[in-house]
Amino acid sequence: MRAPLSWIRDYVDLPDDVSAEDLAHRLTALGLKLEALERPGHDITGPLVVGRVLELVDEPQSNGKTIRWCQVDVGAANGSGEPQGIVCGAHNFAAGDLVVVILPGGILPGGFEISARKTYGHVSSGMICSARELGLGDDHDGIIVLPEGFGEPGDDAIGPLHLRDEVIEFEINPDRAYALSLRGVAREAALEYAVHGDGVPF
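Quick note, the sequence shown lines up with residues 2 to 203 if you use my numbering.
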């Protein structure tokens, strides 16, 4: 069971200074066995923003691969307000889609620094990101396509994608099946802090 700390806080008014490590320690004492503590996105440095694909051109290459030369609106995040030219190898998106873009100067997990560089005959100024590139999962079949209303071009994407969240993963025993839900984990947190005089409402 994976439980982001921010999601637990949606159910429980925990003290502001409680970290995922603190909470995991207390819940482990109650019998919810800690499997792992994760901090997805902790090593990402922006600018990571919402972008809108304005247009794209499929360009077959001599190696048999087809790349897409995209014009992406990133608002004022690039300093000019002009569309950003980006080469992308994914094909699961269309013109008009909202996507996640890391601009030159940003750093992805693993210390992968993004710069404007020439590739496939274009200067690609940034990257349209997949879930795996952001450390959000193993999906690398295509890039992340955001739902309408997620944000406007140029808006920060780090916060809305919960890329600063701490995530607690528990190994849940059969006799604690209620803790297979976020509400069940939150109830345990509320009880633990209330018992120790923290006065946490649930």
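By construction, the Cβ of each residue, glycine as well, lies at the ideal position given by its N, Cα and C atoms.
What number of angstroms, rounded off, separates the C-alpha of residue i from the C-alpha of residue j?
{"i": "Asp-157", "j": "Val-50", "result": "5 Å"}
{"i": "Gly-32", "j": "Arg-177", "result": "9 Å"}
{"i": "Thr-67", "j": "Leu-57", "result": "12 Å"}
{"i": "Val-13", "j": "Pro-148", "result": "28 Å"}
{"i": "Tyr-179", "j": "Val-186", "result": "8 Å"}
{"i": "Asp-11", "j": "Asp-59", "result": "43 Å"}
{"i": "Tyr-194", "j": "Arg-188", "result": "10 Å"}
{"i": "Glu-167", "j": "Pro-175", "result": "25 Å"}
{"i": "Leu-181", "j": "Gly-143", "result": "30 Å"}
{"i": "Gly-107", "j": "Gly-127", "result": "9 Å"}
{"i": "Cys-89", "j": "Leu-109", "result": "16 Å"}
{"i": "Asp-98", "j": "Val-73", "result": "10 Å"}
{"i": "Gly-122", "j": "Ala-25", "result": "50 Å"}
{"i": "Ala-96", "j": "Arg-69", "result": "11 Å"}
{"i": "Phe-171", "j": "Glu-36", "result": "5 Å"}
{"i": "Ala-91", "j": "Phe-113", "result": "19 Å"}
Starting from residue i, trace the alpha helix (DSSP H) both ways and give me its first and last residue.
{"i": "Thr-67", "result": "Thr-67 -> not in any alpha helix (DSSP H); beta strand (DSSP E) instead, spanning 67-74."}
{"i": "Thr-29", "result": "21-30"}
{"i": "Ile-9", "result": "6-12"}
Leaving out five residues before and five after residue i in sequence, what residues of the same chain have Cβ atoms less than 6 Å from its Cβ?
{"i": "Gly-138", "result": "Ala-132"}
{"i": "Val-101", "result": "Cys-130, Ile-145 and Ala-158"}
{"i": "Ile-173", "result": "Met-2, Ala-180 and Leu-181"}
{"i": "Asp-48", "result": "As written in the sequence, residue 48 is Pro, which differs from the Asp given in the question. Counting only Cβ-Cβ distances below 6 Å, and skipping sequence neighbours, we find Ala-78, Leu-104 and Gly-107."}
{"i": "Arg-53", "result": "Asp-74, Leu-99 and Pro-154"}
Where do the N-terminal and C-terminal ends of the beta strand (DSSP E) with residue i fall, by residue?
{"i": "Leu-137", "result": "Neither: Leu-137 is in no beta strand (DSSP E) and is coded neither H nor E."}
{"i": "Arg-118", "result": "118-120"}
{"i": "Ala-37", "result": "34-39"}
{"i": "Ile-103", "result": "99-103"}
{"i": "His-123", "result": "123-125"}
Please return the same chain residues whose Cβ sits closer than 7 Å to the Cβ of residue i, not counting the five positions on each side in sequence.
{"i": "Glu-22", "result": "Leu-38"}
{"i": "Arg-27", "result": "Glu-193"}
{"i": "Trp-8", "result": "Leu-183"}
{"i": "Gly-136", "result": "Pro-41, Gly-42 and Pro-110"}
{"i": "Pro-161", "result": "Phe-151 and Gly-152"}
{"i": "His-163", "result": "Pro-5 and Ser-7"}
Would the beta-carbon of residue i be found less than 6 Å away from any heavy atom of the ligand GTP?
{"i": "Asp-14", "result": "Summarising the ligand content, the structure contains no ligands, and the ligand GTP is consequently not present."}
To which residues does DSSP link residue i through a beta bridge?
{"i": "Gln-85", "result": "Val-73"}
{"i": "Ser-63", "result": "DSSP output for Ser-63 lists no bridge partner at all."}
{"i": "Arg-53", "result": "Asp-74 and Leu-99"}
{"i": "Leu-109", "result": "Phe-113"}
{"i": "Arg-3", "result": "Glu-170"}
{"i": "Ile-129", "result": "Val-102"}
Here's a check: name, in chain order, each residue in its chain whose Cβ is nearer than 8 Å to the Cβ of residue i, leaving out the five neighbours to either side.
{"i": "Glu-153", "result": "Val-51 and Gly-76"}
{"i": "Arg-118", "result": "Val-124 and Ser-125"}
{"i": "Ile-115", "result": "Ile-103, Leu-104, Pro-105, Gly-106, Gly-107, Ile-108, Leu-109, Gly-127 and Met-128"}
{"i": "Asn-64", "result": "none"}
Three or more C-beta pairs below 8 Å linking the region 15-32 and the region 82-102: no
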